[in-house]
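In my numbering, the protein residues as written are 2 to 122. Data first, discussion second: the structure below is written as structure tokens.
Below, the structure is given as structure tokens:
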């Protein structure tokens with residue numbers, strides 16, 4: 002339980018016992034606005050948030066991506082997007098923001114110059 006949630010439950014309980022909002026503010030040492038907002042809401046539950054709901058970066062997809070990267074860290078991001086059927090940007094968000102990993106491309110070591118050029122006569 003978070004600190005805010007415990008404040009909310011205490012505010013509602015004190016009000017049920019007949020305590021005035023100003024007294025609740027003093028006892029809990031919280032902002033008056035928090036007390037009045039909590040009393041108006043009447044519950045300790047969080048309200049639903051606005052905005053577009055998450056559809057691609059779900060827990061299931063994050064788990065699949067994490068397992069695949071643990072199995073083979075050299076895995077191509079482009080190949081993984083086609084396998085999972087999600088966009089490159091969505092996969093990038095999952096890997097970097099949600100899992101805290103960094104995507105990079107492995108470079109092949111440059112071969113020696115003597116192998117590339119034929120020997121001079």
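The C-beta atom is built at its ideal place from N, Cα and C for all residues, glycine as well.
Run of the alpha helix (DSSP H) containing residue i, from where it starts to where it stops
i          : result
residue 35 : 33-42
residue 62 : 60-72
residue 12 : 4-17
residue 24 : 22-29
residue 91 : 89-93
residue 84 : 78-85
Contacts around residue i, its chain only, beta-carbon distance under 8 Å, and the 5 residues preceding and following it disregarded
i           : result
residue 81  : 66, 69 and 92
residue 107 : 75
residue 142 : In this structure the chain extends from 2 to 122, so residue 142 is not present and cannot be described.
residue 102 : 70 and 96
residue 89  : 78, 79 and 82
residue 1   : What is shown of the chain runs 2 to 122, which leaves residue 1 out entirely.
Proximal residues to residue i (C-beta, below 6 Å), its chain only, five neighbours per side dropped
i           : result
residue 99  : 63
residue 27  : none
residue 87  : 57
residue 45  : 6, 9 and 10
residue 132 : Lying before the first or after the last residue shown, residue 132 is absent from the chain, which here runs from 2 to 122.
Exercise for review: Would you be able to state if there are at least three C-beta pairs under 8 Å between the stretch 6-21 and the stretch 33-49?
Suggested key: The stretch 33-49 is in contact with the stretch 6-21.
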